[in-house]
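Report on the following structure.
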Amino acid sequence: MRAPSLIVLLLALGCSKGSIVLDDTGDGPGVEDDACPVLSLGATELQWAGVSVGQASTQSLAVLNDCEGVASLELVAAVEGSTTFTIVEGTLSLSPGASGDLVVAFTAPDEELYEGVLRVTSTDGQTGEVALKPRPPLTLMRTDTWRRARVGTTVMTLTPR
Numbered sequence: 010m011r012a013p014s015l016i017v018l019l020l021a022l023g024c025s026k027g028s029i030v031l032d033d034t035g036d037g038p039g040v041e042d043d044a045c046p047v048l049s050l051g052a053t054e055l056q057w058a059g060v061s062v063g064q065a066s067t068q069s070l071a072v073l074n075d076c077e078g079v080a081s082l083e084l085v086a087a088v089e090g091s092t093t094f095t096i097v098e099g100t101l102s103l104s105p106g107a108s109g110d111l112v113v114a115f116t117a118p119d120e121e122l123y124e125g126v127l128r129v130t131s132t133d134g135q136t137g138e139v140a141l142k143p144r145p146p147l148t149l150m151r152t153d154t155w156r157r158a159r160v161g162t163t164v165m166t167l168t169p170r
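Shown next as structure tokens:
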């Protein structure tokens, strides 16, 4: 009896975006159940604007198993760099051609600018990174318009530059 062996073939059948698939199923090239999951992320950066101190705001990242085949992608997301960013929904299972959302929350503890990285890892070893950052604050230019006003009434207008 022949000892079992693992035959590894590099295939690029049916995958988009120039991906190479490691086929260790042993069923050979060109067989219908050869899988080639390809992780596609919908953005390279998520930005938050207008978040008040102490308030949480969420952003969603679209993810896609961008390939035909039978293998699903199991995704796990983690935030690095700052505890002001947290994952609301950080695990996902995507069948071939399916998409979903990973949700990240940002809570500003003070008026500092915080940055982080969302790292998405799949069970087949693919990883992707998305920068997490607030949008730069608006620079406001003061325009004074003085007129008669009642006590306690604001009489100035702020206009974005």
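For the sequence shown, my numbering gives the first residue as 10, with consecutive numbering after it. Backbone N, C-alpha and C fix where the C-beta goes; we use that ideal spot for every residue, glycine too.
Check: C-beta atoms of R128 and E138 nearer than 7 Å; Outcome: yes
Check: Spatial distance of V126 from G78 (CA atoms); Outcome: 30 Å
Check: For V64, the first and last residue of its enclosing beta strand (DSSP E); Outcome: A small fix is needed here, since residue 64 is Gln in this sequence, not Val. Unbroken run through Q64: none, as it is neither H nor E.
Check: Given 8 Å, three or more beta-carbon pairs between the stretch 81-91 and the stretch 49-66; Outcome: no
Check: Option in V88, T116, T92 and V72 with minimal Cα separation from L103; Outcome: V72
Check: Helix, strand or coil at L84 according to DSSP, with G and I counted as helix; Outcome: strand
Check: From G134, G106, V112 and G99, residue whose alpha carbon lies closest to that of W57; Outcome: V112
Check: Proximity to S66 [Cα-Cα], best of V88, T116, L122 and I96; Outcome: T116
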